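One structure below.
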Amino acid sequence: MPTPDATTPQAKGFRRAVSELDAKQAEAIMVRGQSPRF
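Start counting at 1 in the sequence shown, then tack on 13, and there's your number in the numbering used here.
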């Protein structure tokens with residue numbers, strides 16, 4: 014699989030989606046850390 018060009022809109026959208034995913038994951042981890050039962 015060739016490396017995607019960072020300047021292409023597709024790559025930008027992909028990177029933005031990954032960033033949002035990471036943010037949600039980090040938020041979920043923090044919430045999980047605050048509530049042990051969850």
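The beta-carbon is built from N, C-alpha and C at its ideal position, and this holds for glycine as well. What you are looking at is a predicted structure, and each value in this text was computed from that prediction instead of being measured.
Hey, how far is the Cα of Gly-46 from the Cα of Lys-37?
-> Taking the sequence shown and counting its residues from 1, one reaches residue 46 at position 33. Taking the sequence shown and counting its residues from 1, one reaches residue 37 at position 24. Whole-angstrom Cα-Cα distance: 14 Å.
Cβ neighbours of Glu-40 in the same chain (closer than 7 Å, five flanking residues each side left out) = Within the sequence shown, the letter at position 27 stands for residue 40. If we look at Glu-40 and ignore the five residues flanking it on each side, it has no Cβ neighbours.
By Cβ distance below 8 Å, which residues in the same chain neighbour Met-43 in space, the five residues on each side in sequence not counted?
-> Numbered from its first residue, the sequence shown carries residue 43 at position 30. Cβ within range, chain order: n/a, list empty.
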